[in-house]
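Every letter in the sequence shown is one number past the one before it in UniProt numbering, and letter 66, counting from 1, is 66.
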Amino acid sequence: MHDAREVVVLRYGHRPGRDDRMTTHVGLTARALGADRVIFPDNAGQSAETVRDITDRFGGPFAVELRDDQKAIVRNWDGVVAHLTMYGERVQDVEEEVRESIGLGGAGSGGDGPATVGDGPATPRDLLVVVGGEKVPWALYERADFNVGVTNQPHSEVAGLAVFLDRLFEGAELEREWEGADRRVVPESTGKTVIDAEEELADDGEGSEPADDGEGSEPADDEGTESGAGGSETDDRD
1 MHDAREVVVL RYGHRPGRDD RMTTHVGLTA RALGADRVIF PDNAGQSAET
51 VRDITDRFGG PFAVELRDDQ KAIVRNWDGV VAHLTMYGER VQDVEEEVRE
101 SIGLGGAGSG GDGPATVGDG PATPRDLLVV VGGEKVPWAL YERADFNVGV
151 TNQPHSEVAG LAVFLDRLFE GAELEREWEG ADRRVVPEST GKTVIDAEEE
201 LADDGEGSEP ADDGEGSEPA DDEGTESGAG GSETDDRD
């Protein structure tokens with residue numbers, strides 16, 4: 001989404017079976033709300049496949065990677081690291097500083113204007129947003145440039161990621177134009193209509209396709225539509 005910098009979401013840890021849905025939702029949320037890439041642990045292959053399929057059908061660009069070196073990714077990241085945690089500083093208190101640190105622009109810029117620090121524009125820097133899937137090591141808290149909390153209350157890490165990205169981009173991600181899509185959802189007050197991306201919806205609705213058949217409109221009722229599922233567990237989630 002961004003020419004000057006890359007915003008990457010790292011899913012730190014994944015427990016097959018237990019975290020499958022949540023990890024998938026992290027990837028779908030990262031894609032939908034402005035990130036350029038998501039990195040999953042190498043044991044989250046099914047989640048990666050689902051997010052790639054959605055990107056193929058509904059557009060991108062958006063990249064999905066499977067990596068087994070999560071600690072090294074964080075340690076060697078050449079840019080800014082923001083770790084989302086219930087225990088972090090309030091997002092509303094640090095969002096402008098995060099934007100400025102990556103050269104994304106200050107408050108009111110709409111998310112795309114150049115940030116200014118001191119007497120000149122800030123240099124664009126890549127941002128790594130870390131979303132824990134299991135208990136994360138204390139070293140991650142120390143390595144992060146920002147430990148960010150959304151409400152400092154127990155809830156879904158997917159909800160936290162969504163709020164953080166929307167605050168980061170100041171809503172600009174909602175106006176994104178998707179490239180290479182096969183299908184497009186038609187916004188309407190009532191109904192569920194999906195059409196070919198190249199197709200114009202006629203006034204009489206000809207050529208449109210209702211989404212009731214499950215073809216592409218909803219990743220499925222268990223994929224990407226219930227961001228809160230499973231997110232209330234706090235026994236070992238940071």
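All C-beta atoms in this analysis are idealised placements derived from N, C-alpha and C, irrespective of residue type, glycine included. All values reported here derive from a predicted model rather than from experimental measurement.
{"Query": "Where does the unbroken alpha helix (DSSP H) through valine 94 begin, and where does it stop?", "Result": "91 to 101"}
{"Query": "Using the Cβ count rule (16 or more neighbours within 10 Å means buried), how would you classify serine 156?", "Result": "buried"}
{"Query": "Determine the extent of the alpha helix (DSSP H) in which leucine 161 is found, giving its start and end residues.", "Result": "157 to 169"}
{"Query": "Using the DSSP secondary-structure output, state which residues sit across from tyrosine 12 in a beta bridge.", "Result": "Gly132"}
{"Query": "Buried or exposed for glutamate 95, going by 16 or more other Cβ atoms inside 10 Å?", "Result": "buried"}
{"Query": "Looking at the structure shown, is arginine 125 part of a helix, part of a strand, or coil, going by DSSP?", "Result": "coil"}
{"Query": "Indicate whether the contact test is met: 3 or more Cβ pairs, each with one atom in the segment 70 to 79 and one in the segment 8 to 16, closer than 8 Å.", "Result": "yes"}
{"Query": "Tell me whether leucine 33 sits in a helix, a strand or coil according to DSSP, three-state version.", "Result": "coil"}
{"Query": "Tell me the DSSP secondary structure of glutamate 188 in three-state form.", "Result": "coil"}
{"Query": "When burial is assigned at 16 or more other CB atoms within 10 Å of the CB, is glutamate 170 buried or exposed?", "Result": "buried"}
{"Query": "Quick one: residues in its chain with C-beta nearer than 8 Å to the C-beta of valine 91, no 5 flanking neighbours on either side, listed in chain order?", "Result": "Val148, Gly149, Val150, Val163, Phe164 and Arg167"}
{"Query": "Would you kindly report the start and end of the unbroken alpha helix (DSSP H) that includes threonine 193?", "Result": "That residue, threonine 193, is in no alpha helix (DSSP H); its beta strand (DSSP E) goes 193 to 196."}
{"Query": "How big is the Cα-Cα spacing for glutamate 6 and arginine 52?", "Result": "18 Å"}
{"Query": "Quick check: the Cα distance between glutamate 89 and valine 98, rounded to an integer number of angstroms?", "Result": "12 Å"}
{"Query": "Below 8 Å between beta carbons: does that hold for proline 124 and alanine 35?", "Result": "no"}
{"Query": "Here's the rule: buried if 16 or more other CB atoms are within 10 angstroms of the residue's CB, otherwise exposed. What is leucine 174?", "Result": "exposed"}
{"Query": "Locate the beta strand (DSSP E) running through arginine 67, then write down its first and last residues.", "Result": "63 to 67"}
{"Query": "Are the beta-carbon atoms belonging to proline 187 and methionine 86 less than 8 Å from one another?", "Result": "no"}
{"Query": "Skipping 5 residues on each side, what residues in its chain have a beta carbon closer than 8 Å to that of aspartate 126?", "Result": "Arg5, Glu6, Val7, Val8, Trp77, Asp78, Gly79, Val80 and Ile102"}
{"Query": "Considering Cα atoms alone, identify which of Lys135, Glu49, Pro41 and Phe146 is closest to arginine 67.", "Result": "Pro41"}
{"Query": "Leaving out five residues on either side along the sequence, give the residues of the same chain with a beta carbon under 7 Å from the beta carbon of threonine 29.", "Result": "Val158, Leu161, Ala162 and Ser227"}
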